[in-house]
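Undergrad: In this note's numbering, the protein residues as written are 54 to 416.
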Ligand SMILES: *Cc1c(COP(=O)(O)O)cnc(C)c1O
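#1: Ignoring anything shorter than 3 residues, give me the beta strand (DSSP E) runs that lie fully in the segment 135 to 218, in order along the chain.
#2: Considering just the uninterrupted stretch of the alpha helix (DSSP H) at residue 428, what are its terminal residues?
#3: DSSP state of residue 406, grouped into three classes?
#4: Starting from residue 395, follow the beta strand (DSSP E) in both directions and report where the run begins and ends.
#5: Can residue 162 be considered in contact with ligand 1, in the sense that its beta carbon sits closer than 6 Å to one or more heavy atoms?
#6: The alpha helix (DSSP H) spanning residue 231 covers which residue range?
#7: Between which two residues does the beta strand (DSSP E) holding residue 307 run?
#8: Taking 7 Å as the cut-off, decide whether the C-beta atoms of residue 395 and residue 69 are in contact.
#9: Checking the sheet assignment: what are the DSSP bridge partners for residue 417?
#10: Is residue 301 buried or exposed, if buried means 16 or more other CB atoms sit within 10 Å of its CB?
#11: Using a 10 Å radius around the Cβ and a threshold of 16 neighbouring Cβ atoms, would you call residue 316 buried or exposed?
#12: Where do the ends of the beta strand (DSSP E) carrying residue 295 lie?
#13: In chain order, what residues of the same chain have a beta carbon less than 8 Å from the beta carbon of residue 74, not counting five sequence neighbours either side?
#14: Whose C-beta lies closer than 7 Å to the C-beta of residue 328 among residues of the same chain, with five residues either side of it excluded?
#15: Nearest-angstrom Cα distance between residue 320 and residue 129?
#16: Look up residue 128 in the DSSP assignment and say whether it is helix, strand or coil.
#17: How is the alpha helix (DSSP H) around residue 320 delimited, first residue to last?
#18: Just curious, the beta strand (DSSP E) that residue 360 is in, first and last residue?
#19: How many angstroms separate the CA atom of residue 202 from the CA atom of residue 152?
#20: Along the chain, where does the beta strand (DSSP E) containing residue 110 start, and where does it finish?
#21: Can you find at least 3 beta carbon pairs, one from the segment 118 to 134 and one from the segment 238 to 249, that sit closer than 8 Å?
#22: Would you check if the segment 250 to 258 and the segment 220 to 240 touch, i.e. whether three or more CB-CB distances between them fall below 8 Å?
#23: Between which two residues does the alpha helix (DSSP H) carrying residue 254 extend?
#24: My understanding is that residue 193 touches residue 217, with C-beta atoms under 8 Å, so please give their C-beta distance in whole angstroms.
#25: Skipping 5 residues on each side, what residues in its chain have a beta carbon closer than 8 Å to that of residue 364?
#26: By Cβ distance, which residues of its chain are closer than 8 Å to residue 371, with the 5 residues on each side in sequence left out?
#27: Alpha carbon to alpha carbon, how far is residue 322 from residue 126?
Here it is in structure tokens:
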């Protein structure tokens, strides 16, 4: 049986998602599995409308609001369906009649978001960096923004390609919608610049099964004819994410991760640590004769560090030996090849140090 209480037996898991959780969170789950807060039940056996579970709902929302400094005119929703359902819900809710939203494609995930939307409405791809191999983010001044668009969609951190926006794009009055699935809670953000932000939880905010949505009041629209009730943000907002049975276990884990993050000193503090972790790793890669990274430096992701080895015949050996050292899941995305080290909030700095040591020794 896996012994999670012994920290030394845990690997440094560089998986892009589902990703590593803080050991403290797993230990708390283990400790309260059979008796959650004196209820003599596990948390997943409790009714969401009962006497106890609403505490998870209220506290997680309050903690998220505190961590991200979310203004009162934004709703916080906890939904099913992962990041990908958002790709469809966004156009279904926000595109009326003949409106055409703007899409920014800077990597695989934004390409998939565009594809899903184009099955629902007309879309205008205003940026596409596929020709560069998704290695950069073009200057905003070159974006042909449409001031009449119902929204501009972009992916803040491209999990597969290792490209991240260094700052929030300023797009004027058009609502900005961002997929922050792989970097939410990794640094402070100015929520007021967005119409909506969404993020599946299994990368930086918990486990698979729940998706965080932060949405401005005035974005909410009524359920349209033919639209399933589950796909209407307004229904979820009206019911405080209790439109149907929420994924209670996943919600509880997100609640624990948020408390853990507060305990670490909050988002500003974790952002400093994330910055340091990423810089160390990129500095090492840049100085190495063996490894390289092709992403334009200012656009490099602090969460997903992609890299390659000059002698590709050594790829397999690198993966096998790293696993033996307890450095797991370093394989790059199957479409990209190479390696990827996902270093989300829960990856301790020692994990990055251990990876660098291994890379230094690897010949
Ligand atoms: C993982 C990921 C998704 C997809 O999330 P699912 O929960 O698997 O649907 C979407 N966008 C980004 C940026 C991701 O990293």
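Glycine included, C-beta positions come from ideal geometry on N, C-alpha and C.
Only a predicted model underlies this, so the values are computations on that prediction, with no experimental measurement involved.
TA: A quick look at the data gives this:
#1: Counting only runs of 3+ residues, the beta strand (DSSP E) found wholly inside the segment 135 to 218 occupies 155 to 158, 177 to 181, 205 to 208, in chain order.
#2: For the chain, the structure presents residues 54 to 416; residue 428 sits outside this window and is missing.
#3: Residue state, collapsed to three classes: helix.
#4: Per DSSP, residue 395 is one residue of the beta strand (DSSP E) stretching across 392 to 395.
#5: Because some heavy atom of ligand 1 lies under 6 Å away, the Cβ of residue 162 counts as near it: yes.
#6: Taken as a continuous stretch (DSSP letters only), residue 231 belongs to no alpha helix (DSSP H), being part of the beta strand (DSSP E) at 229 to 232.
#7: Where residue 307 is concerned, there is no enclosing beta strand (DSSP E), although the alpha helix (DSSP H) it sits in stretches over 301 to 316.
#8: Taking 7 Å as the cut-off, the beta carbon of residue 395 is found closer than this to the beta carbon of residue 69.
#9: This structure leaves residue 417 out entirely; the chain is present only between 54 and 416.
#10: Burial call: buried.
#11: It counts as exposed.
#12: Taken as a continuous stretch (DSSP letters only), residue 295 belongs to no beta strand (DSSP E), as it is neither H nor E.
#13: Cβ neighbours of residue 74 beyond the five flanking positions: 259, 260, 306, 310, 399.
#14: Taken in chain order, the residues that qualify are 355.
#15: Looking at the two C-alpha atoms, the distance is approximately 17 Å.
#16: Residue 128: strand per DSSP, three-state reduction.
#17: Per DSSP, the unbroken alpha helix (DSSP H) holding residue 320 starts and ends at 319 to 340.
#18: Per DSSP, residue 360 belongs to the beta strand (DSSP E) from 357 to 362.
#19: Straight-line Cα distance between these residues: approximately 7 Å.
#20: In the DSSP assignment, residue 110 falls outside any beta strand (DSSP E) and lies within the alpha helix (DSSP H) extending over 107 to 121.
#21: Yes: the two stretches touch, three or more of their Cβ pairs being nearer than 8 Å.
#22: With the cut-off at 8 Å, the segment 220 to 240 and the segment 250 to 258 touch.
#23: Element bounds for residue 254: n/a, residue is neither H nor E.
#24: In fact, because the Cβ distance is near 15 Å, the residues do not count as touching under 8 Å.
#25: Excluding positions up to five away in sequence, the list reads 343.
#26: Excluding positions up to five away in sequence, the list reads 362, 383, 392, 415.
#27: Approximately 26 Å between the Cα atoms of the pair.
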